[in-house]
Each structure stands twice: as C-alpha cells, then as structure tokens.
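In what follows, a single structure is set out as structure tokens and then discussed.
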Amino acid sequence: MSALHTKPAIAAAVLASLLFSSSGAAQQVNAYAAKAKVEPPAEKAPRVQIARGPELESADENSATIRWTSNNPGGSDEHFGVVHYGTSPNELNQTAKSHIRLNQNHPDTTFRVSVERLAPRTTYYYTVDSMQASGASDKVKSAVGKFTTPGPGERVMNFPQPK
Amino acid sequence: MRTRVIITVSGTLAIVLGATILSHAVSAQTSSPAQTSSPDGVAKPPVYDPYPPGILPSDLNSELARVVREVDFIEGRALAQWKALTPPVLTGQPPTLQGTGTAAIEALGELMNYDRNISPFRDIACASCHMPYVAFSGPIPSVNLTMVAYPGTVHFRAGKRTAQRYPYAPFFPVLQYNQVQGAFFGGNFWDSRATGYLLRNPDGEQAQHPPVDTQEMGNPDTACIAFKLQKASYRSLIEEIWGRGTLDIDFPAVTEKICALPGGAFGTNNTPVPLGPEERTRANQVYDHWAQALDAYEQSVQVSAFSSKFDAFLEGAYTLTAQEKAGYDLFRGKANCNSCHLDGRSTAPTPPPPEGTAPNSQDTGAAAATEPLFTCFGSANLGVPLNPRDAFYYQNKPDFFGFTANPYGFGYRDLGLGTFLRSGFGAAPSPNATWTQFAPVSDGQMQTSSARNVAMAPKQCPTTEAPGPYFQKEFFHNGYIKSLKQLVHFYNTRDVYKFNVTSGHCPPGKTEKVDCWPMPEVENNLDKTVGNLQLTDQEEDQIVVFLQTLTDGFTRPYSNSDTFTGACMQGGSAKTQGNEFLIPTPPLPPCTSAVCGVPPLPTMPIP
C-alpha cells in the first residue's frame, strides 16, 4: 500500500530536484548558517590600568570632555566612562558618565566622558573610573586632575582633527 | 453581548461616514486641480499639503509615477519567474513542499513586495519606498534630499524616518533585554518596535506594520490584506503553499468600500471590517502568512545576497586594493567602527600611541567563520541633529479624513527606542511591561544598522558621493547626512566641531557638516565611543572606500538592480553634498509632554 503511494512521489521529487539544480542563482542558499546571536561579553581584565590620560579633550563655557585610554577592561561590551568632579580637589561630589561600547578585538579602550552644565571660567578637579552595564566598577585609579572652562563664546580644543 | 452590539453599530456608522467621504472625494475630483488620481485612475481624495513651499520636491509626482512603473515592471518579472517555477510536491510527514517549496515562498514574498494593489488607492507597494537598486532603501533622490520620509497612499501624508535598507534585517533576533549587557538586542525598525514577540521573527512582524500604517500603505484594517489577496493574481500560489481553503473567508460586501479607504477614516476603530470571530481569526492567519512570505523573500539571496567584494575577500577570491585595505584596517582599528558594526574577525590591529599601546599596527585577525553582518543588533544614540526638513513636523493639521499625523509639530522629538519602550507617541505598543523601566536609559537610541550595502547605487550612477554621477541617498534615521563622506566625518568630528546651534544656524564663516555640527536632537545617553576619532581627511576617505566593498552584486548580479529609470546627479563635493537644501530650524517649542512627559521620565529633561 504505502509503496504504491510513495513511488509517484519519489518520481516527482527526482524530477523536481533535477529542475531545481539546473535553474541557477535563484536557488542558491545563504551560507550564513549560524543563527543570529548576540555576542557574549568578554572576560574581565584582572587589572585595569590607564595608559594615557586622563586629560581634557575639549571644553567650552559650560561643558567639557575628559578622555583617557586604559587596557581593555572586558566585561559587558556596554560600558560607561565615569568622571567624579567638583570645584574643590577634596570634594569631587558630582558624577558624569558616558556610554561607550568596548571593542572585544582591541587590547585598549579609549573612554570619553561629557561633563555638562559647568560654569564658565571655573576650575574643576576630577578623577575617573569606568564601569560595566551593571554599575560594577572597573576599579581604575587615577590621580586628581583639573581643567578650567573658558569664557562665553570661547573654546578649548586639545584634540583637533589631524591634518 | 452588549458591548459587541455597540461596537458593530459604531463600526457601521463609520462605514457609512467613510462611504460618504469617498463619494465626496469622487464627485469633487473633476472640479479641483489639486487632486491626483492613482495610476489606474482610482479616485483619490484631495491632496493633503500642509507643507511650506520647498518641503515637497517639485518633481514629486513624476518621481512617484516613475517608481510605480519600475515596481510594475519588477512585478511582471516576478510573475514570469513564478510561472516558470516547477510546482513543489507536498509530501512526507509532516508534509513538506519538496523541491521548490523554498523557491515558492520566496517567489510569493517577491510578488507581494511589488504588489501595489494592496494599498487603498492602489499606488503604494512595499517596494515604493524600498527599491532593489539602492539595496531596498528610498528610491527618489529628491525625496532623500528634501522631505526625508516617503509619501504613503494618501498624498502627501508621510512618515518620519528614512526608509531603512533591509537586506540582512531577517537575521536580527527577537528583541531581548540582555541582563549581562544591560541593553536591548534585536528587533526590526530604527526603534526595534517590530519585536517578533508573537511570530518569533521580527522581520516577519515588521511586514505587518506598513500595510496598516496610516502614512504608508494605509489600510484601515489588517483584514483588508486578506481581502485583497483573495483577488491577487498570485492567489493560487498562496493556496499551493498553505492549502486550498486558506483564503476562503466570507467577507461582507461592504469590505470592498472599507478597504478602499485609508486608515484614519474610521477614527480610532482599527477593525472597521465587520467580521465574526472565526472569519477574523482566518484573516489574521492570512496576515501571518503575509509576514512569513515577505520575510522569506527578504532573507533570500535575491535580497540578503552575501555577494559583495568583502565576501569574495573572505573567501580568498578577491584581494582588497591598498585603499580598501587601509579603510578596513581603520574600520576595525583606529576608527573603532566594529565595536558596534561587528565584522566577525577575532583580532584587529591596535592603534599606535597616543591612541593605543601597539608599537605598530599589525593584522593578527583570523578569517571569520561565518559571514559577518556588520551590526551588534544593539542600539546607540549617535547624537544626530534634528533635521527640520523631515515632513513629519509639518503634518499638524487634519487631512481630508480628519487624520493628523503629528499634532505636536516641531514639539515632537524622536527618542527612538525610549519612546517605544514607553509605548509612546509615534512608536507602537510594547508587548513587554517589564521593559518600560529601561526607557530612560534608552532615550535617543536607534538600532545599529548593518553597514552592508549602504553604498549601493544604480549602475548609471554607481556611487552615493558627489561629484558623481551619483545617486542621492540619505543616511541615519532622519536623513540628516547626505553622503558617506559626511557620515564618516560626523563620527570623526561630531565633538570637535560641536556648536550649540540647531541645523541651519552655524556661525558665520563655518560650514555645516564640514566644520560645524549642530547639537544632537537628543543629548540623553549620547554615545561617546565616537565623536572624535582623530582620523585625517584621507583616512575618512579610505573608510568610505571600504564601505563600498560591502555592496552586494560583486560575485554575481544583484537581482533587479537594473531597474532604475530616473536621473543621476552630478557636480559638487561629497563634503557639502545637499547643503544647498539646508533650511534654518525654526525656534523649537519644548518637547511635547506626549513624548517627553510619559513615565518613566527621561534622566534629564529634553529641551
């Protein structure tokens, strides 16, 4: 019984597959076999150290960008640079943080943090750290740095576009 | 019971109203010059034109007509290809369409994609805003240069964002909140609102939005799609794939009239077609098939082709030129583009000091095991300035049907993913209330596009870059960027040439997009991976050259890429391309509470 049923089906399938393989590009299959997946986070670096900076990248009368480069901290790719700042070196009671994405392929990571709502012609003191998406600190140690915002309409640019 | 009766009555009222409106439209047709008729002479309502002069491009009507011709041409091709296909054989347990089953569903998706009969005025197909010669992005250079969003079936309602390129969109996973990464991944659309929560396929779910999007194909009810598919020339293909009875839905006679009217004509009633629960369920099933077929087409080699120079390079069948190689090294080295646009390589060169610690850049990367998609599936706020040309801002008056796309005018702000998580204005309802808490840390974020095919342009004008001959595209979610040179320059210098102005107001002596970047539309959650990459002018150019290696059609022709019949542009410089169309942003009213006042509130107030 079942043999009687399947025979014509096999014949049809053979025919179909013959036609199938002869009709070219339209029948090609995407080689992207792996199911789309989100990359797992990298391993955490045992120790995160700053290789350059932190320093002032740029400032205008009411904002500044602080910049530094450390070894790649690893952990979640979604990362935040953190700046603790204030107008006295003993009172860094304000915090700014900016999103960056780690590059798992890079041994180094450059962090850049926007510090907003500053007063013109004012000196600010700061230290930096970085953290994972969870808020867990990378435990970076930096000395207390300082910068001074310019007057209205002025601009400091320590990292202009290279020629 | 009682509620049911009430619903039916109000539904009928709306229908009567709708029908009256339509006959008005038809009778008024002869007298007013401001009316259009669709390609088949279908009666159309008076043109909705709330736009100040210069927002709509002057060649809009002729360009829309050109695209209709191109769409019809491809639909004809697709019909011929389907007719030539050997019918699959249903066999096995579970039954499978053996042999040409894959080809059949892909062919069906293609036929649907170029079918403009699905829209109420029979003038808009999916492809009207997504044509193959530009990798399924917006096909009208003048629209890309001016109004940003594409007109829908009601002329000239328009959406608010650029028509996204969609090759590789089918590879995005179902939208998920990843605990470890503390971020969202997957979904389709700039704001990820096609989550895939039900179909388990965001790209399929995406295809269920445009047919009933009031500013796009604009059907008033999802059941209209099943109704129109009953009459489609490829109906038998649908039945071949899903069975004879698939389209046997008993639609009441009034359906014809209802489905010839656009969304917005029935107030807030989203199901004006009066169907009993069983018929409604069957219509919903057909709508799921619509989604599956379109997804099959978009995932097929006709669309997601993996046939670029870069793919040939990965296979060892092409050697990158010195410029291409330099661009690639920058892309995954100094410029750090592959932190978000993942390139699937294991290790990339580290930049030398001062940027990094490697004494010399060297490639230690192993070849990718799979073909990289150049996206991480995540989202970021790049700080793109508000684009005052976006047609959405001007649609603050009701149209003929009493529909107003954007009552808030310039009070609207595009918070992207943040607004979707709040189920807010201009997005879609979120299916997951546990996500809402993450809205404030998602404000301003848009999905990281695949960088693949960003440079695809028609054969006649094979570049996006002036002096050309070039095809004018638009980039980023609001089309603010007009060339790839500008796109890379933006990543490189957003924070170097930052000015506290809106677009159109750069200080004297400064040139917008060259040495002046207006402030971001949304400052919240601004990404700082980019903004000052320390690339030279020449390095920017090399990255553009690399992006051009990601264009499909190198190892074999890209399907239907030969169908552009419009004009190319020529002259000028890629740096300032489109700058002659900049307009001053008007003084902005504060962000409307309908967007920025929805809890949980943004972390800092959005001006």
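Top to bottom, those sequences are chains X and Z.
Residue numbering for the first sequence follows my numbering, beginning at 1069 and increasing consecutively.
Residue numbering for the second sequence follows my numbering, beginning at 46 and increasing consecutively.
No residue lacks a Cβ here, since even glycine has one placed at the ideal position from N, Cα and C.
This structure is a prediction, so every number in the text was calculated from the model and none was measured.
Can you tell me whether residue i is helix, strand or coil according to DSSP?
| i | result |
| --- | --- |
| residue 454 of chain Z | helix |
| residue 216 of chain Z | helix |
| residue 242 of chain Z | coil |
| residue 1183 of chain X | strand |
| residue 1136 of chain X | strand |
| residue 1146 of chain X | strand |
| residue 441 of chain Z | coil |
| residue 302 of chain Z | helix |
| residue 394 of chain Z | Residue placement at residue 394 of chain Z is flagged as unreliable, the pLDDT there being 47, under the threshold of 50; a coordinate-derived value is accordingly withheld. |
| residue 601 of chain Z | coil |
| residue 247 of chain Z | helix |
Identify which residue in the options has its Cα closest to the Cα of residue i.
| i | options | result |
| --- | --- | --- |
| residue 242 of chain Z | Z/643, Z/515, Z/524, Z/478 | Z/478 |
| residue 673 of chain Z | Z/439, Z/216, Z/113 | Residue 673 of chain Z is absent from the model: chain Z starts at 46 and stops at 652. |
| residue 645 of chain Z | Z/626, Z/541, Z/353, Z/486 | Z/486 |
| residue 496 of chain Z | Z/385, Z/190, Z/283, Z/194 | Z/385 |
| residue 436 of chain Z | Z/448, Z/188, Z/174 | Z/188 |
| residue 441 of chain Z | Z/432, Z/370, Z/456 | Z/456 |
| residue 1121 of chain X | X/1178, X/1155, X/1231 | X/1178 |
| residue 221 of chain Z | Z/612, Z/204, Z/466 | Z/466 |
| residue 489 of chain Z | Z/511, Z/429, Z/588, Z/535 | Z/429 |
| residue 110 of chain Z | Z/169, Z/139, Z/164, Z/588 | Z/169 |
| residue 1209 of chain X | X/1174, X/1181, X/1136 | X/1136 |
| residue 499 of chain Z | Z/165, Z/212, Z/167 | Z/212 |
| residue 376 of chain Z | Z/533, Z/570, Z/639, Z/547 | Z/533 |
| residue 604 of chain Z | Z/171, Z/181, Z/98 | Z/181 |
| residue 313 of chain Z | Z/320, Z/587, Z/266 | Z/266 |
| residue 1172 of chain X | Z/112, Z/519, Z/382, Z/619 | Z/382 |
| residue 185 of chain Z | Z/101, Z/163, Z/329 | Z/101 |
| residue 445 of chain Z | Z/93, Z/87, Z/88 | Z/93 |
| residue 449 of chain Z | Z/420, Z/260, Z/529 | Z/260 |
Under 8 Å between C-beta atoms, does residue i make it to chain Z?
| i | result |
| --- | --- |
| residue 1231 of chain X | yes |
| residue 1149 of chain X | yes |
| residue 1225 of chain X | yes |
| residue 1118 of chain X | no |
| residue 1105 of chain X | yes |
| residue 1202 of chain X | yes |
| residue 1124 of chain X | no |
| residue 1145 of chain X | yes |
| residue 1115 of chain X | no |
| residue 1212 of chain X | no |
| residue 1217 of chain X | no |
| residue 1181 of chain X | yes |
| residue 1188 of chain X | no |
Per the DSSP calculation, residue i is bridged to which residue(s)?
| i | result |
| --- | --- |
| residue 1154 of chain X | X/1193 |
| residue 1215 of chain X | X/1192 |
| residue 203 of chain Z | Z/196 |
| residue 1120 of chain X | X/1137 |
| residue 1159 of chain X | X/1156 |
| residue 1177 of chain X | X/1138 |
| residue 526 of chain Z | Z/520 |
| residue 461 of chain Z | Z/490 |
| residue 501 of chain Z | Paired residue(s): none; residue 501 of chain Z is not in a bridge. |
| residue 1225 of chain X | X/1126 |
Could you check whether the Cβ of residue i sits closer than 8 Å to any Cβ belonging to chain X?
| i | result |
| --- | --- |
| residue 103 of chain Z | no |
| residue 573 of chain Z | yes |
| residue 587 of chain Z | no |
| residue 359 of chain Z | no |
| residue 251 of chain Z | no |
| residue 230 of chain Z | yes |
| residue 236 of chain Z | no |
| residue 576 of chain Z | yes |
| residue 269 of chain Z | no |
| residue 421 of chain Z | yes |
| residue 212 of chain Z | no |
| residue 641 of chain Z | no |
| residue 385 of chain Z | yes |
| residue 28 of chain Z | Nothing in the structure corresponds to residue 28 of chain Z, since chain Z is present only between 46 and 652. |
| residue 536 of chain Z | no |
### Query
Fully enclosed by the segment 551 to 593 of chain Z, which alpha helix (DSSP H) runs are 4 residues long or longer?
582 to 592
### Task
Quick one: which unbroken beta strand (DSSP E) runs of 3-plus residues sit fully inside the segment 292 to 353 of chain Z? Chain order, please.
none
### Query
Listed in chain order, which residues of the segment 434 to 468 of chain Z have Cβ atoms closer than 9 Å to some Cβ of chain C?
The structure shown contains no chain C; its protein chains are X and Z.
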